[in-house]
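Residue numbers (my numbering): 33 to 294.
Think of the CB as a built atom: it goes at the ideal place given N, C-alpha and C, for glycine as much as any other residue.
See below for the structure under consideration.
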Ligand code: 13P
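This is the structure in structure tokens:
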């Protein structure tokens with residue numbers, strides 16, 4: 033883990049209008065210091081309607097947090113009612129885009145092919161994709177977790193240049209652990225993140241696998257973050273619920289400072 037800078041990302045999902053978003057980011061500005069981000073990169077991923085407001089606050093108050101989006105389309109423009117193009121996000125100083133979150137796949141029918149096109153479109157627009165993968169409970173119980181994740185990672189990275197893969201983030205989020213309060217054990221999370229890294233090595237080579245950052249997501253909280261983050265193949269966290277509250281998100285960001293009691 034030491035060679036890869038950890039990255040902790042807050043996925044706000046469909047929470048916080050732009051007034052609430054400004055308040056939350058301002059609170060994060062008090063909680064997360066320039067010194068903290070020497071050790072850990074921090075991003076927040078608000079709804080589209082908040083991006084411009086937050087961009088302005090981050091810039092004006094010099095808050096050391098990167099701006100992210102939750103989704104985008106793969107086309108640059110056209111008759112795609114309701115969609116947002118990658119270049120529109122890049123213009124708002126968005127640095128990271130979550131691609132293929134399980135909620136996008138399950139609720140909105142995104143396919144592996146869509147996800148692959150989006151990964152490429154995000155890179156083309158000069159941003160970094162956070163490619164999500166993860167198995168359902170049924171798949172885990174049927175012993176198919178590894179195969180599912182391998183297939184998603186291979187499909188998501190198909191045709192992506194090795195150097196671009198190396199700069200990416202992959203988030204392993206077991207679907208059964210999202211919003212349920214059930215976290216994968218640190219050992220299970222590590223084992224699956226090792227599968228992700230091995231798969232990246234297969235498709236993009238050992239150097240890219242060594243450089244790519246892998247997040248764990250699914251009920252990450254201040255109490256379980258230190259153990260998860262101590263695993264050799266876990267380089268960060270993609271945090272849902274606990275990112276909606278400044279104090280809990282800042283405690284996760286500062287996982288390295290937690291004592292055993294937390
Ligand atoms: P929770 O942290 O609420 O389980 O959400 C995880 C997630 O889906 C982040 O993308």
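- Item | Euclidean distance between Cα positions of residue 119 and residue 235 | 27 Å
- Query: Out of 132, 170, 98, which has the shortest C-alpha to C-alpha gap to residue 153?
  - Reply: 132
- Message: Considering Cα atoms alone, identify which of 37, 44, 104 is closest to residue 281.
- Response: 44
- Item | residue 104 CB to nearest heavy atom of the ligand 13P below 8 Å | no
- Message: Assuming residue 207 and residue 167 are in contact, meaning their beta carbons sit under 8 Å apart, how far apart are those beta carbons, in whole angstroms?
- Response: 7 Å
- Measuring CA to CA, which of 125, 188, 111 is closest to residue 147? 188
- Do residue 65 and residue 96 have their CB atoms nearer than 9 Å? yes
- Would you give the residue range spanned by the beta strand (DSSP E) that residue 161 belongs to? 160-165
- Message: If I measure Cβ to Cβ from residue 181 and keep anything under 8 Å in the same chain, skipping five residues before and after, which residues do I get?
- Response: 165, 166, 167, 204, 224, 227, 228, 231
- Item | For residue 171 and residue 35, the rounded distance between their alpha carbons | 33 Å
- Query: Among 290, 275, 202, which has the Cα closest to the Cα of residue 74?
  - Reply: 275
- Item | residue 251 versus residue 277: straight-line alpha-carbon distance, rounded | 14 Å
- Message: Less than 8 Å between C-beta atoms, sequence neighbours within five positions excluded: which residues of the same chain meet that for residue 124?
- Response: 83, 84, 87, 99
- Whole angstroms is fine: what's the gap from residue 288's alpha carbon to residue 258's? 6 Å
- Item | Inter-residue spacing [alpha-carbon to alpha-carbon] between residue 202 and residue 249 | 10 Å
- Going by CA-CA distance only, name the one from 260, 105, 185 that's closest to residue 220. 260
- According to the neighbour-count rule (16 or more other Cβ atoms, all chains shown, within 10 Å of its Cβ), is residue 160 buried or exposed? buried
- Alpha carbon to alpha carbon, what distance is there between residue 59 and residue 290? 20 Å
- Message: Quick test of your reading: residue 285 and residue 40, contact by CB under 8 Å. State the CB separation rounded to the nearest angstrom.
- Response: 5 Å
- Item | Length-filtered (4 minimum) alpha helix (DSSP H) runs lying within the segment 166-220 | 169-173, 177-189, 194-198
- Task: Could you work out which residue in 198, 192, 150 is closest to residue 102 when comparing CA atoms only?
- Result: 150
- Message: For residue 240, which residues in the same chain have their Cβ closer than 7 Å to its Cβ, ignoring the five residues on either side in sequence?
- Response: 194, 197, 198, 232
- Return the CA-CA distance between residue 91 and residue 56, expressed in angstroms with no decimal places. 15 Å
- Task: May I ask whether a heavy atom of the ligand 13P can be found less than 8 Å away from the beta carbon of residue 203?
- Result: yes
- Kindly indicate which residue of 139, 47, 174, 104 has the alpha-carbon position closest to the one of residue 162. 104
- Message: Quick check on residue 271: buried or exposed, where buried means 16 or more other Cβ atoms within 10 Å of its Cβ?
- Response: buried
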